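Everything in the sequence shown is counted per the numbering used here, starting at 101 for the first residue and increasing by one.
Glycine is no exception: its CB is placed at the ideal position from the N, C-alpha and C atoms.
Bear in mind that the values here come from a model prediction, so they are computed numbers and not experimental data.
Please read the structure below before turning to the comments.
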Amino acid sequence: MPKYVYDFTEGNKDLKDLLGGKGANLAEMTNLGLPVPPGFTITTDACRRFLEDGRLPDGLEEEIAAHLAALEGQMGRRLGQADDPLLVSVRSGAKFSMPGMMETVLNIGLNDESVHGLVKQAGGNERFAWDSYRRLIQMFGKTVQGIDGELFDEALEELKNGRDDLKLEAADFQRLVETYKGIVREQTGQDFPADPHQQMRMAVMAVFESWNAPRATLYRRQERIPADLGTAVNVCSMVFGNCGMDSGTGVAFTRDPGSGHQGVYGDYLQNAQGEDVVAGIRNTMPLQELERIDKPVYDELMKIMETLENHYRDLCDIEFTVERGKLWMLQTRVGKRTAGAAFRIAVQLVDQGLIDLDEAVTRVNGAQLAQLMFPRFAGDAESARITKGMNASPGAAVGKAVFSSERAVELAAQGEAVILVRRETNPDDLAGMIAARGVLTSRGGKTSHAAVVARGMGKTCVCGAEELEVSTKERRFTAPGGIVVSEGDVISIDGSSGAVYLGEVPVVPSPVVEYFEGATDQDDELVRAVDRIMTHADASRRLRVRANADNAEDAARARRFGAEGIGLCRTEHMFLGDRRQLVEDLVLATSDAEREQALAALEPLQKADFTEIFQAMAGLPVTIRLIDPPLHEFLPDYTELSVKVALAGDDADDKDLRVLAAVKRLHEQNPMLGLRGVRLGLVIPGLFAMQVRAIAEAAKAVEGARAEIMIPLVGAVQELEHVRDEARRILAEAGVEALVGTMIEVPRAALTAGQIAEAAEFFSFGTNDLTQMTWGFSRDDVEASFFSKYLELGVFGVSPFESLDRDGVGRLVRIAAEEGRRTRPDLKLGICGEHGGDPDSVHFCHRAGLDYVSCSPFRIPVARLEAGRAALVSEGSDTR
101 MPKYVYDFTE GNKDLKDLLG GKGANLAEMT NLGLPVPPGF TITTDACRRF LEDGRLPDGL
161 EEEIAAHLAA LEGQMGRRLG QADDPLLVSV RSGAKFSMPG MMETVLNIGL NDESVHGLVK
221 QAGGNERFAW DSYRRLIQMF GKTVQGIDGE LFDEALEELK NGRDDLKLEA ADFQRLVETY
281 KGIVREQTGQ DFPADPHQQM RMAVMAVFES WNAPRATLYR RQERIPADLG TAVNVCSMVF
341 GNCGMDSGTG VAFTRDPGSG HQGVYGDYLQ NAQGEDVVAG IRNTMPLQEL ERIDKPVYDE
401 LMKIMETLEN HYRDLCDIEF TVERGKLWML QTRVGKRTAG AAFRIAVQLV DQGLIDLDEA
461 VTRVNGAQLA QLMFPRFAGD AESARITKGM NASPGAAVGK AVFSSERAVE LAAQGEAVIL
521 VRRETNPDDL AGMIAARGVL TSRGGKTSHA AVVARGMGKT CVCGAEELEV STKERRFTAP
581 GGIVVSEGDV ISIDGSSGAV YLGEVPVVPS PVVEYFEGAT DQDDELVRAV DRIMTHADAS
641 RRLRVRANAD NAEDAARARR FGAEGIGLCR TEHMFLGDRR QLVEDLVLAT SDAEREQALA
701 ALEPLQKADF TEIFQAMAGL PVTIRLIDPP LHEFLPDYTE LSVKVALAGD DADDKDLRVL
761 AAVKRLHEQN PMLGLRGVRL GLVIPGLFAM QVRAIAEAAK AVEGARAEIM IPLVGAVQEL
821 EHVRDEARRI LAEAGVEALV GTMIEVPRAA LTAGQIAEAA EFFSFGTNDL TQMTWGFSRD
881 DVEASFFSKY LELGVFGVSP FESLDRDGVG RLVRIAAEEG RRTRPDLKLG ICGEHGGDPD
941 SVHFCHRAGL DYVSCSPFRI PVARLEAGRA ALVSEGSDTR
């Protein structure tokens with residue numbers, strides 16, 4: 101028979117999986133000899149069994165009864181005893197802190213008889229006893245019986261009639277008890293349960309059930325807390341902060357959770373129970389006021405706070421109650437803090453000798469660093485908010501609304517700050533996105549084109565603002581309430597929250613970005629903390645970090661941010677804009693002469709591109725992926741061209757007719773799975789050869805150039821062999837050495853990696869396409885259509901395009917890595933999809949034995965930090 105119940109004296113802080121965070125820490129404080137009310141914890145195992153079976157597990161009620169009897173013996177009174185009652189609280193407590201997401205019930209054991217015994221215990225204080233009784237009915241009715249809490253609140257407000265709650269007398273609360281019992285009877289058809297043991301049993305089950313309540317589920321999804329952990333239940337003997345003005349309740353932090361600075365931080369409320377502090381029934385007082393009210397209690401609390409911070413070696417969040425001048429500790433946990441505070445506190449604790457730099461690196465994370473890197477809006481701008489979308493790429497951006505890429509480029513060239521507004525973006529909008537301060541779309545999600553490209557460029561982006569009606573033709577959008585924003589009107593967008601504001605909201609720049617850009621001034625305390633953490637993370641990591649960069653500007657920025665090379669240079673991005681016509685000419689060529697003419701025009705342009713990138717990355721490896729576009733991106737739209745020709749009739753232009761015929765011939769139902777990548781290189785003679793020559797000539801022209809040529813979309817070793825042989829011939833003729841490898845983005849490539857490694861000197865996992873093909877998802881379509889439902893149902897904990905799917909896609913990566921290195925032990929392995937900058941995915945890559953990750957320039961510091969953390973945390977450790 102499993103053990104489901106542990107006394108507070110039996111546990112410790114390392115049993116969070118079993119006892120939850122609250123129970124483990126109550127046990128730890130008990131073991132430290134701190135004043136904790138006696139009690140016991142029902143384990144998360146019991147919760148999981150309850151949720152699976154729909155009933156309390158066998159043996160649990162007997163264990164609870166035994167521990168309750170021991171508690172009653174220790175306290176010298178029984179639960180609900182009429183003349184001298186023991187009262188208990190029943191509180192949730194999951195492994196990870198989920199403040200306010202699950203249920204708590206206080207004062208269990210009160211009924212119409214035991215309330216008089218509580219009066220006697222309190223020395224005749226009838227007000228306190230009846231106040232405690234009404235609190236039980238109110239909390240129990242709301243959390244256990246599912247009654248609308250507003251019914252109780254309205255009854256209380258009606259009774260107060262504008263009075264402060266401290267002005268209410270015993271008779272008022274006695275009447276309120278009867279009113280509350282009437283609400284319970286009316287709403288449930290039954291009387292409030294008078295049996296204290298029934299109260300406790302029902303409360304325990306309610307806490308278990310609250311694990312799957314909508315708000316708890318939503319919180320877990322937001323915080324990436326696994327859904328199968330369950331919650332523990334803590335049954336604790338009651339201590340009372342509502343006994344009078346010599347009693348109270350409070351919350352304290354051992355450091356400022358906002359800044360990390362040491363000092364006295366917290367709130368205290370006299371004559372109140374725990375929930376009153378956060379419920380706002382009265383204004384709290386600063387914790388420092390407790391020194392004036394009761395100095396002995398204050399001094400004891402300060403000593404306990406110091407003890408806990410030194411013991412946990414971290415910022416602690418503490419809940420306490422004072423009962424008639426006696427201090428009781430109700431909870432402690434490692435406190436949540438802002439990103440800036442996290443870095444400051446980690447370094448402070450190193451300086452105090454409480455932790456070393458290894459642990460300091462693990463105390464912060466990439467998500468916190470990302471928050472510090474983006475500019476943010478200053479002040480409260482809620483009054484100007486007009487809608488909210490999806491927070492696709494963090495930051496704060498202000499500018500004039502523009503509705504076309506061309507207009508964005510035009511105004512930006514004149515020195516104007518602009519926000520590009522579109523229903524959704526496409527590759528043709530790239531120039532406008534580069535020119536704009538931020539991007540706002542009414543469609544799409546976190547992995548839409550706008551989001552992916554914006555994150556890569558470090559641009560602020562809000563996607564999927566569905567309330568906006570965007571008319572690019574009329575150059576305006578309409579927001580809720582009839583607000584019309586026309587081209588040229590100023591708007592502000594917050595990529596961290598998804599908020600969209602009318603007008604200009606002041607922006608505060610990030611000193612952390614200036615530090616990564618190479619600023620030498622380190623007077624800023626936060627910058628000094630970030631520098632120390634990053635220096636040690638870099639010294640500790642095994643994974644190298646490269647950049648996804650397609651031009652010299654991005655390459656130079658990436659190098660400043662700490663990139664150790666380029667892991668993905670997408671050459672298809674170089675063919676947009678003015679060069680698109682040359683690619684169209686190449687694809688539509690009907691003779692060798694026409695094709696060679698187009699290639700001859702493209703080669704010097706490609707050489708110039710590569711030369712600039714090699715110069716920016718001199719001495720570091722640059723992996724260049726040969727062109728890999730879905731063909732439709734470089735051809736006129738089939739429908740639009742058909743309409744144009746039809747309307748022209750007999751006057752149709754000969755070129756239009758010829759292009760239409762070619763487009764019709766090359767038209768594909770699913771271009772993402774069509775003529776692209778290595779297939780395009782094999783079908784169009786000279787295309788890949790032209791690119792390889794351009795790479796070779798550029799490498800010869802730049803001292804320290806280190807080229808790596810990557811063949812995209814390979815599914816069979818024979819495909820790779822054809823291109824590899826041609827590439828090696830061209831490189832040999834130029835007298836240039838370069839690695840030739842492939843991108844693993846097709847499941848078959850991963851499953852035949854042993855064969856492919858015979859022809860490849862490196863693998864780079866293209867996890868964006870590998871995820872699409874493994875799941876059978878079209879990234880551009882599925883997120884808007886059903887991803888939200890899949891997240892809601894728990895099919896996904898997080899989008900597989902946001903964080904690598906370890907069980908499916910990750911398994912393919914491991915198979916390819918293992919089988920590839922079995923064939924070629926020195927095979928270089930990297931990852932270059934968006935996952936290369938995702939913290940959880942970086943940890944996976946470390947454990948899978950990859951050599952490097954590659955990500956967009958602005959995510960390089962995040963990847964560097966997480967690579968350091970991955971080297972310092974043990975397998976299976978929580979990495980958040």
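For residue i, the three-state DSSP class (helix, strand or coil)
i	result
Ser596	coil
Gly358	coil
Thr204	strand
Leu875	Correcting the residue type first, residue 875 is Trp in the shown sequence and not Leu. It is helical.
Trp230	helix
Thr867	helix
Lys800	helix
Asp394	coil
Phe896	coil
Ala379	For Ala379, the pLDDT reaches just 49, beneath the cut-off of 50, and the residue's location in the model is therefore unreliable, leaving the point undetermined.
Leu430	strand
Ser483	helix
Gly976	Below a pLDDT of 50, predicted positions are generally treated as unreliable, and Gly976, at 46, falls in that range; no measurement from the model is reported.
Leu115	coil
Asn410	helix
Ala129	Per the sequence presented here, residue 129 reads as Met, with Ala not at that position. Note: Met129 maps to helix in three-state DSSP.
Cys932	coil
Buried/exposed call for residue i, threshold 16 Cβ in 10 Å
i	result
Met345	exposed
Ile247	buried
Asp414	buried
Ile633	buried
Asn225	buried
Gln468	buried
Asn207	buried
Asp750	exposed
Phe308	buried
Thr349	buried
Pro199	exposed
Proximity to residue i [Cα-Cα], best of the options
i	options	result
Ser310	Met202, Ser347 and Phe228	Met202
Lys408	Leu134, Gly949, Ser542 and Asp869	Reading off the sequence, residue 408 comes out as Leu, not Lys. Out of Leu134, Gly949, Ser542 and Asp869, Leu134 has the C-alpha closest to the C-alpha of Leu408.
Gly366	Glu625, Gln373 and Thr384	Thr384
Arg324	Ala963, Ala971 and Pro939	Pro939
Pro721	Asp737, Asp751, Arg779 and Ala649	Ala649
Leu820	Ala860, Glu516 and Leu775	Ala860
Ala959	Ala647, Arg758 and Lys755	A small correction: the amino acid at residue 959 is Arg; Ala does not occupy that position in the sequence shown. The shortest C-alpha separation from Arg959 is found at Ala647.
Ala917	Ile931, Leu904, Ile724 and Val600	Ile931
Pro580	Glu574, Val461, Lys573 and Leu602	Leu602
Gly598	Thr130, Val136, Ala565 and Thr578	Ala565
Arg642	Lys403, Arg969 and Glu694	Arg969
Trp428	Ile404, Asp451 and Arg947	Ile404
Tyr280	Glu672, Ala255 and Thr421	Ala255
Leu568	Ala492, Ala963 and Lys488	Lys488
Ala229	Thr842, Gly159, Leu186 and Gly241	Leu186
Ala948	Val962, Cys955 and Ala971	Ala971
Residues near residue i by beta carbon distance below 6 Å, same chain, minus five either side
i	result
Leu927	Ala857, Gly920 and Arg921
Ala798	Lys707, Phe710, Thr711 and Phe714
Arg463	Ala446
Sequence-distant residues of the same chain with beta carbon closer than 7 Å to residue i, five excluded per side
i	result
Leu329	Thr144, Ala194 and Lys195
Leu167	Sequence check: residue 167 is His here, not Leu. Closer than 7 Å at the Cβ level, and outside the excluded window around His167, lie Val105, Asp107 and Phe140.
Arg644	Glu664, Asp951 and Tyr952
Leu760	Leu741, Ser742 and Val745
Contact set for residue i: own chain, Cβ-Cβ below 8 Å, skip 5 residues either direction
i	result
Arg444	Ser359, Gly360, His361, Glu625, Leu626 and Ala629
Thr42	With the chain covering only 101 through 980, there is no way to say anything about residue 42.
Checklist entry - Counting only runs that start and end within the segment 594–662, where is the beta strand (DSSP E) found for 3 or more residues in a row? => result 599–602 and 644–648
Item to check | Entirely enclosed beta strand (DSSP E) segments - the segment 317–345, minimum 3 residues | outcome: 331–337
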